[in-house]
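*Asks:* Residue numbers (our numbering): 169 to 275.
Dropping the structure in here first, questions after.
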């Protein structure tokens with residue numbers, strides 16, 4: 169067995185997760201472009217008025233959603249966070265729900 173069928177199934181699933189997370193973040197108002205590789209989304213959190221570190225820490229404390237501040241990658245990452253979508257679809261759905269709750273409470 170070559171494994172080609174397994175690879176195709178995995179690729180399809182990761183595309184589904186990527187499309188879900190990108191569309192969900194955009195619907196929440198966190199502008200996010202579709203990545204062409206890896207398993208990460210890099211949405212803008214500039215509209216919140218928070219630094220990427222503040223946003224990441226506050227979201228973790230209040231909604232138990234972990235993501236990485238953009239500044240962990242370079243100073244130009246300020247205003248962005250990195251979200252991995254290499255998790256189950258169900259976990260991603262829950263994370264998006266919690267991010268939505270967090271953003272609504274901030275208004």
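The C-beta atom is built at its ideal place from N, Cα and C for all residues, glycine as well.
Treat the numbers as computed from the prediction; the structure is a model and nothing was measured.
#1: Give the DSSP bridge partners of residue 251, in chain order.
#2: Going by C-alpha distance, which of 269, 258, 213 is nearest residue 182?
#3: Cα-Cα, which of 249, 177, 173, 200 is closest to residue 218?
#4: Residue 187: which of 272, 254, 247 sits nearest, CA to CA?
#5: Looking at residue 209: is its Cβ nearer than 9 Å to the Cβ of residue 228?
#6: Go ahead and pull the three-state DSSP assignment for residue 243.
#7: Per DSSP, what kind of secondary structure is residue 233 in: helix, strand or coil?
#8: Between which residues of its own chain and residue 201 is the CB-CB distance below 8 Å, once the five residues before and five after are set aside?
#9: To the nearest angstrom, how far is it from the Cα of residue 184 to the Cα of residue 275?
#10: What would DSSP say about residue 196, mapped onto helix, strand or coil?
*Replies:* Reading from the atomic positions:
#1: Stepping through the chain shown from its first residue, residue 251 is reached at position 83. Beta-bridge pairing links residue 251 to 209.
#2: If you number the chain shown from 1, residue 182 lands on position 14. When only C-alpha atoms are compared, the closest one is 258.
#3: Taking the chain shown and counting its residues from 1, the one referred to as residue 218 is at position 50. The shortest Cα separation from residue 218 among 249, 177, 173, 200 belongs to 249.
#4: Counting from 1 along the chain shown, the entry for residue 187 is found at position 19. Ranking 272, 254, 247 by Cα distance to residue 187 puts 254 first.
#5: As a position in the chain shown, residue 209 is number 41, starting the count at 1. As a position in the chain shown, residue 228 is number 60, starting the count at 1. The answer is no: Cβ separation not under 9 Å.
#6: Stepping through the chain shown from its first residue, residue 243 is reached at position 75. Three-state DSSP puts residue 243 in a helix.
#7: Taking the first residue of the chain shown as position 1, residue 233 is located at position 65. In the structure shown, residue 233 sits in coil (DSSP, three-state: anything other than H, G, I, E or B).
#8: In the chain shown, counting from the first residue as 1, residue 201 sits at position 33. Only 190, 210 meet the Cβ criterion.
#9: By one-based count along the chain shown, residue 184 stands at place 16. By one-based count along the chain shown, residue 275 stands at place 107. C-alpha separation (whole angstroms): 30 Å.
#10: Taking the chain shown and counting its residues from 1, the one referred to as residue 196 is at position 28. Three-state DSSP puts residue 196 in coil, outside helix and strand.
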